[in-house]
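In what follows, a structure is listed as structure tokens, so that the remarks can point back to it.
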Amino acid sequence: MRAQEKPLFHLTIHEAQKLIQSGALSPVELTRAVLKRIEAVDGQLHAYLNLMAESAIQEARRAEAEILHGHYNGPLHGIPVAVKDQLDVKGAPAVIRKKDSGNPGLAEDSTVVHKLRQAGAVILGKLVMSGIPGDPPQAVNPWNTAHITGGSSTGAGAAVAAGLCMGAIGEDTAGSIRNPASLCGIVGLKPTYGRVSRCGLAPLCWSLDHCGPMTWVVEDAAHLLQAVAGHDPKDPTSGRAPVPEYARALREDVKGMVIGVPRHYIEECRTRTDREILALVDKAVGELESLGARVEEVTLPTLKLATIANAVIYYNEYFTANKRDVPTLLKTAALSRRARLYFGVLTSAADYIQAQRIRSRVKREFAEIFRKVDLLALPAQAGPAPTAEESSPLDILYKLSAPEFLAPFNLAGLPAISIPCGFSSTNLPVALQVAGKPFDEPAVLRAAYTYQQHARWYERRPPI
Numbered sequence: 000m001r002a003q004e005k006p007l008f009h010l011t012i013h014e015a016q017k018l019i020q021s022g023a024l025s026p027v028e029l030t031r032a033v034l035k036r037i038e039a040v041d042g043q044l045h046a047y048l049n050l051m052a053e054s055a056i057q058e059a060r061r062a063e064a065e066i067l068h069g070h071y072n073g074p075l076h077g078i079p080v081a082v083k084d085q086l087d088v089k090g091a092p093a094v095i096r097k098k099d100s101g102n103p104g105l106a107e108d109s110t111v112v113h114k115l116r117q118a119g120a121v122i123l124g125k126l127v128m129s130g131i132p133g134d135p136p137q138a139v140n141p142w143n144t145a146h147i148t149g150g151s152s153t154g155a156g157a158a159v160a161a162g163l164c165m166g167a168i169g170e171d172t173a174g175s176i177r178n179p180a181s182l183c184g185i186v187g188l189k190p191t192y193g194r195v196s197r198c199g200l201a202p203l204c205w206s207l208d209h210c211g212p213m214t215w216v217v218e219d220a221a222h223l224l225q226a227v228a229g230h231d232p233k234d235p236t237s238g239r240a241p242v243p244e245y246a247r248a249l250r251e252d253v254k255g256m257v258i259g260v261p262r263h264y265i266e267e268c269r270t271r272t273d274r275e276i277l278a279l280v281d282k283a284v285g286e287l288e289s290l291g292a293r294v295e296e297v298t299l300p301t302l303k304l305a306t307i308a309n310a311v312i313y314y315n316e317y318f319t320a321n322k323r324d325v326p327t328l329l330k331t332a333a334l335s336r337r338a339r340l341y342f343g344v345l346t347s348a349a350d351y352i353q354a355q356r357i358r359s360r361v362k363r364e365f366a367e368i369f370r371k372v373d374l375l376a377l378p379a380q381a382g383p384a385p386t387a388e389e390s391s392p393l394d395i396l397y398k399l400s401a402p403e404f405l406a407p408f409n410l411a412g413l414p415a416i417s418i419p420c421g422f423s424s425t426n427l428p429v430a431l432q433v434a435g436k437p438f439d440e441p442a443v444l445r446a447a448y449t450y451q452q453h454a455r456w457y458e459r460r461p462p463i
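FYI, in numbering that gives the first Met the number 0 the residues of the sequence shown are 0 to 463.
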């Protein structure tokens, strides 16, 4: 099927930008198609917290006029995207920043949104996330609406999978980009810590928060990352490493790359990991090997402590950031947010210091391993998306403290991507995770793209 024969809302960014650049597709037509799709199915999915339809059409008209006058601004020009509620968008409320949902629009954009606008993107609105006040309906999974999307970038996972935006920016503190990406069958990239500015991001944990792209295919993640990456003097944690041309990395395959698999750690997590997940991830790693990569088993002894250390740091910093509002939040906040606060109360300064020591050890172990291998490969999830009924309060507490496959890369600040690698027997998505060296997103994207083009799971869309 040719790109232009698809419904417009199912075009990838890569496909749409070619049509827009050639004049075969209008940004206004594309934006209207996506807004119509939102109107048709978001009543079921609950992906959007704040839809900015009127301003989106205005931005699309502006993009169309610029392109008609010869001012094409790159692959995001005229492309409708959305962002997680954590990111400030001028004129839109930030529900997460308030103790209730009744707050006025913000005065300015976050750096990420500012950069998206500079690239010509059309901002559709803000997406639901778990744990925000006001108890809005949580997003459900487009593959089966009885199932959840994962968190906390819940709306982004649902919106990208269902064609309610062509890409989204999520935020990942302990897996919050990669978890919903894996459960919703999309691509989710957590970049290196400091690669993307967090100025204008409502913080959950300053030393663990990462902003990154969530898209249908790997090449779209490269386009979004290109737009938002780079140093920001407004963010003191922003890295100064040069920003490469990410799309260039997709021209190479995995021949000659060495991929490490921490089988000992995967085995340690086996009792809490679905066998189907392990089998599909093993198959995907084998396919990367057949495509020319060399696969080696690696050992990371401290990895089993990384998730615990990540949780201690997360809850301690989260409690500190919200200390003034704790009495109110403990009465009004969502359960997951209250759980973080309770954990924060229970962790001491000594716990925090010990967690930081573990963090240093984990970083050293990763640095040593990455002298021997180019990438690491492991599961992106422990099981398929559970149903809402299976996600009891106890499950929520468990999941908050045990994202075994995801949190280590937040703790170490390393780039990691979730890429679809098949489906469970219940027809729910399963994902492979690939992680790399600091600021080596090109290698991560290269491996993910090579696998994607071989496996072609992106050809299968949710039934909604």
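By construction, the Cβ of each residue, glycine as well, lies at the ideal position given by its N, Cα and C atoms. Nothing here was measured: the structure is a model prediction, and the numbers come from that model.
> Which class does ALA155 belong to by DSSP, given the choice of helix, strand or coil?
Replying inline: On the sequence shown, position 156 is the one that residue 155 refers to. Secondary structure of ALA155 (DSSP, three-state): helix.
>> Strictly by DSSP, which residues pair up with HIS209?
In response: Within the sequence shown, numbered from 1, the residue matching residue 209 stands at position 210. ASP171, per the DSSP bridge assignment.
>> Could you check whether GLN451 and LEU377 sit closer than 8 Å to each other, using their CB atoms as the reference points?
In response: Your numbering for residue 377 matches position 378 in the sequence shown. Your numbering for residue 451 matches position 452 in the sequence shown. Not in contact: LEU377 and GLN451 (Cβ atoms no closer than 8 Å).
>> Beta-carbon within less than 6 Å of ASP231's beta-carbon, same chain only, minus the 5 sequence neighbours each way: which residues are those?
In response: Start at 1 with the first residue of the sequence shown, and residue 231 comes out as number 232. Short of 6 Å from the beta carbon of ASP231, and not among the five residues preceding or following it, lie these beta carbons of its own chain, in chain order: THR110, SER196, CYS198, SER237.
>> In chain order, what are the residue ranges of uninterrupted alpha helix (DSSP H) at least 4 long that sit wholly in the stretch 265 to 340?
In response: Every unbroken stretch of the alpha helix (DSSP H) spanning 4 or more residues and falling wholly within the stretch 265 to 340 is given here in chain order: 274 to 289, 302 to 320, 325 to 331.
> Does the beta-carbon of LEU67 have 16 or more other beta-carbons within 10 angstroms, so that it is buried, or is it exposed?
Replying inline: Taking the first residue of the sequence shown as 1, we reach residue 67 at position 68. By the beta-carbon neighbour count (other beta carbons within 10 angstroms, threshold 16), LEU67 is exposed.
> What runs of the alpha helix (DSSP H), each 4 residues or longer, lie entirely inside the stretch 184 to 262?
Replying inline: Annotation note: the stretch 184 to 262 contains the following uninterrupted alpha helix (DSSP H) runs of length 4 or greater, listed N- to C-terminal: 217 to 227, 245 to 248.
> Three-state secondary structure (DSSP) at ASN426?
Replying inline: Walking along the sequence shown from the start, residue 426 turns up at place 427. Note: ASN426 maps to coil in three-state DSSP.
>> My output table needs one value for SER400: the three-state DSSP class, helix, strand or coil.
In response: The count along the sequence shown starts at 1 and reaches residue 400 at position 401. Model confidence at SER400 stands at a pLDDT of 40, short of 50, so the residue's coordinates are unreliable; what they give is reported in the following sentence. DSSP places SER400 in helix when its eight states are reduced to three.
> Given a threshold of 16 other Cβ atoms within 10 Å of its Cβ, counted over all protein chains shown, does GLN117 qualify as buried or as exposed?
Replying inline: As a working note, residue 117 is residue 118 in the sequence shown. Answer is exposed; the Cβ neighbour count stays below 16.
>> Quick check: the Cα distance between LEU123 and LYS371, rounded to an integer number of angstroms?
In response: Walking along the sequence shown from the start, residue 123 turns up at place 124. Walking along the sequence shown from the start, residue 371 turns up at place 372. Here the C-alpha atom of LEU123 lies approximately 44 Å from the C-alpha atom of LYS371.
> According to the neighbour-count rule (16 or more other Cβ atoms, all chains shown, within 10 Å of its Cβ), is ILE352 buried or exposed?
Replying inline: Within the sequence shown, numbered from 1, the residue matching residue 352 stands at position 353. Flag for ILE352 reads exposed.
>> Quick check: what's the CA-CA separation for GLY119 versus ILE147?
In response: For the purposes of this step, residue 119 is identified with residue 120 of the sequence shown, where counting begins at 1. For the purposes of this step, residue 147 is identified with residue 148 of the sequence shown, where counting begins at 1. In this structure, the straight-line span from the alpha carbon of GLY119 to that of ILE147 is close to 32 Å.
> If we count the other Cβ atoms within 10 Å of its Cβ and call it buried at 16 or more, is LEU224 buried or exposed?
Replying inline: Your numbering for residue 224 matches position 225 in the sequence shown. A buried status is given to LEU224, since no fewer than 16 other beta-carbon atoms sit within 10 Å of its beta-carbon.
> Which residues in the same chain as TYR264 place their Cβ atom closer than 7 Å to its Cβ, once the five residues preceding and following it in sequence are excluded?
Replying inline: Counting from one through the sequence shown, the residue named residue 264 turns up at place 265. Closer than 7 Å at Cβ, skipping near neighbours: LEU299, LEU302, LYS303.
> How many angstroms separate the CA atom of ILE12 from the CA atom of ALA348?
Replying inline: One-based indexing of the sequence shown puts residue 12 at position 13. One-based indexing of the sequence shown puts residue 348 at position 349. The alpha-carbon atoms of ILE12 and ALA348 are separated by roughly 46 Å.
> Taking the C-alpha atoms as reference points, what is the distance between SER54 and LYS89?
Replying inline: Mapped onto the sequence shown, residue 54 falls at position 55. Mapped onto the sequence shown, residue 89 falls at position 90. In a straight line, the C-alpha of SER54 is about 11 Å away from that of LYS89.
> For the stretch 239 to 259 against the stretch 434 to 449, are there 3 or more C-beta pairs whose distance is under 8 Å?
Replying inline: Touching, yes.
>> At the level of alpha carbons, what is the spacing between ARG271 and LEU287?
In response: For the purposes of this step, residue 271 is identified with residue 272 of the sequence shown, where counting begins at 1. For the purposes of this step, residue 287 is identified with residue 288 of the sequence shown, where counting begins at 1. Each residue's Cα considered, the two are about 25 Å apart.
> Once you ignore the five residues that flank CYS268 on each side, which residues in its own chain have a CB closer than 6 Å to its CB?
Replying inline: To locate residue 268, count along the sequence shown from 1; it is residue 269. GLU403.
> By Cβ distance, which residues of its chain are closer than 6 Å to TRP456, with the 5 residues on each side in sequence left out?
Replying inline: As a working mapping, residue 456 is identified with position 457 in the sequence shown. Cβ within range, chain order: PRO419.
>> Just to confirm the assignment, what range does the alpha helix (DSSP H) spanning LEU126 have?
In response: In the sequence shown, residue 126 corresponds to position 127, counting from 1. Element bounds for LEU126: not the alpha helix (DSSP H) but the beta strand (DSSP E), 121 to 126.
>> So, under 8 Å CB-CB, PRO135 and THR153 are touching, yes? Tell me the CB distance rounded to an integer number of Å.
In response: On the sequence shown, position 136 is the one that residue 135 refers to. On the sequence shown, position 154 is the one that residue 153 refers to. Not quite, the Cβ-Cβ distance comes to about 10 Å (not below 8 Å), so this is no contact.
>> Our contact map puts VAL227 next to VAL260 with C-beta atoms below 8 Å; I'd like the distance itself, whole angstroms only.
In response: Locating residue 227 in the sequence shown gives position 228, where the first residue counts as 1. Locating residue 260 in the sequence shown gives position 261, where the first residue counts as 1. Contact doesn't hold; Cβ gap of about 30 Å is too wide.
> Taking only runs of the beta strand (DSSP E) that begin and end inside the stretch 38 to 78, which ones reach a length of at least 3 residues, in chain order?
Replying inline: Qualifying beta strand (DSSP E) stretches, in chain order: 47 to 50.
> If we call anything under 8 Å between Cβ atoms a contact, is GLY174 one with ALA406?
Replying inline: Counted from its first residue, the sequence shown places residue 174 at position 175. Counted from its first residue, the sequence shown places residue 406 at position 407. Yes, the Cβ-Cβ distance between GLY174 and ALA406 is below 8 Å.
>> Going by C-alpha to C-alpha distance, which of TYR71, LEU86, PRO74 sits closest to LEU48?
In response: By 1-based counting over the sequence shown, the position of residue 48 is 49. Checked all of TYR71, LEU86, PRO74; the closest Cα to LEU48 is LEU86.
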